[in-house]
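Participant:
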Amino acid sequence: MNIKTLRILVFLSLTSFFTGCSRKGSGRLAENYYKLSLDYLEGGSLQGYKQSLYYLDKAILNNSQGNYYALKATLLLRLGKEDEAEDAFKESLSKDMNSKVKADVLNNYACLLAEQDRGGEAYSLWQKLSRSKHYMTPEVALFNQGKLLILQKKYLMAKNKLLEAALYAPDYVDAHYYLAVLADRYLRDYKLAKQETDLVLYLEPSHSGARALLKIISKKDCSC
120 MNIKTLRILV FLSLTSFFTG CSRKGSGRLA ENYYKLSLDY LEGGSLQGYK
170 QSLYYLDKAI LNNSQGNYYA LKATLLLRLG KEDEAEDAFK ESLSKDMNSK
220 VKADVLNNYA CLLAEQDRGG EAYSLWQKLS RSKHYMTPEV ALFNQGKLLI
270 LQKKYLMAKN KLLEAALYAP DYVDAHYYLA VLADRYLRDY KLAKQETDLV
320 LYLEPSHSGA RALLKIISKK DCSC
């Protein structure tokens, strides 16, 4: 799986690692470095990620909290340093942390596993997350399962997962959009493709991908 594949998987937002995390017992110096690290996340640039990682490492030297390592792992993954990212994920998951944050970390770890062609492990983690009471966005785990199944050419199974994600979160635009793409490109179910594309454009009228897809579908004899 290449980096383009990674982009179709849903990462937890980097900022989620510090929202609501406990910092009890952390040193002031570590806290200051951590705040500097967060400042560089704004904008999402490659250079910003590198600078954020620099200050995050300084924070970890002073206080090795699990959520610090979780953020480091995802930054490393964004920077394409998979082996280092896996080490940081494992370090994070070995430490005490809020159950909800840990569930989010597991989603990002599953993204790493998928990137490393360890789809079975990734899929298993997403299955558990979709049923976990601690994971607040099960539709994301369902969506990621669906995308992985598409890559594995298991199109009917993928359809069911994307439908489940959309059913769980009816306003989840990505689930509807990729269901439309799947229906058009692989299942040749143009009626479903148009239905889902129309829904995407209802939820997000400016969605460029859906607009382009609608033009493609309109040229086909779909009896829609």
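Take any residue in the sequence shown, note its place counting from 1, add 119, and you have its number in our numbering.
Glycine is no exception: its CB is placed at the ideal position from the N, C-alpha and C atoms.
Does the beta-carbon of P324 have 16 or more other beta-carbons within 10 angstroms, so that it is buried, or is it exposed?
Facilitator: To locate residue 324, count along the sequence shown from 1; it is residue 205. Counting Cβ neighbours within 10 Å, P324 comes out exposed, since fewer than 16 surround it.
Participant: Using a Cβ-Cβ cutoff of less than 6 angstroms, which residues in the same chain neighbour L333 once the five nearest sequence positions on both sides are dropped?
Facilitator: Locating residue 333 in the sequence shown gives position 214, where the first residue counts as 1. Closer than 6 angstroms at Cβ, skipping near neighbours: T316.
Participant: When we look at the beta-carbon of H295 and count the other beta-carbons within 10 Å, is it buried (16 or more) or exposed?
Facilitator: Here residue 295 refers to the residue found at position 176 of the sequence shown. With 16 or more other Cβ atoms within 10 Å, it is buried.
Participant: Between which two residues does the alpha helix (DSSP H) containing D293 stretch?
Facilitator: Here residue 293 corresponds to residue number 174 of the sequence shown, with the count starting at 1. Where D293 is concerned, the enclosing alpha helix (DSSP H) stretches over 292 to 301.
Participant: Whose C-alpha, out of Y187, D158, S171, A204, is nearest the C-alpha of C230?
Facilitator: Position 111 of the sequence shown holds residue 230. Selected option, being the one with the closest Cα: A204.
Participant: Going by DSSP, what residue range makes up the alpha helix (DSSP H) through P257?
Facilitator: Position 138 of the sequence shown, counted from the first residue, corresponds to residue 257. Looking at the DSSP string, the run of the alpha helix (DSSP H) that includes P257 is 257 to 270.
Participant: What's the gap between the Cα of G265 and the Cα of L306?
Facilitator: Taking the first residue of the sequence shown as position 1, residue 265 is located at position 146. Taking the first residue of the sequence shown as position 1, residue 306 is located at position 187. Distance between the alpha carbons of G265 and L306 is about 14 angstroms.
Participant: Would you say L155 and Y174 are within 8 angstroms of each other, going by their C-beta atoms?
Facilitator: Counted from its first residue, the sequence shown places residue 155 at position 36. Counted from its first residue, the sequence shown places residue 174 at position 55. Their beta carbons are under 8 angstroms apart, which means L155 touches Y174 by this criterion.
Participant: Does the Cβ of Q184 have 16 or more other Cβ atoms within 10 Å, making it buried, or fewer, making it exposed?
Facilitator: Taking the sequence shown and counting its residues from 1, one reaches residue 184 at position 65. The residue in question, Q184, is buried, as its Cβ has 16 or more Cβ neighbours within 10 Å.
Participant: Sorted by chain position, which residues of the same chain lie with C-beta nearer than 6 angstroms to L172's C-beta, five sequence neighbours on each side aside?
Facilitator: Looking up residue 172 in the sequence shown gives position 53. So the list reads L194, once near-sequence residues are dropped.
Participant: Does the beta-carbon distance from L311 to D290 come in below 8 angstroms?
Facilitator: Position 192 of the sequence shown, counted from the start, is the residue given in the question as residue 311. Position 171 of the sequence shown, counted from the start, is the residue given in the question as residue 290. No, Cβ-Cβ distance for L311 and D290 is not below 8 angstroms.
Participant: Where in the segment 163 to 223 do unbroken runs of the alpha helix (DSSP H), each at least 4 residues long, occur, reported from the N-terminal end onward?
Facilitator: Correct list: 165 to 181, 185 to 197, 201 to 212.
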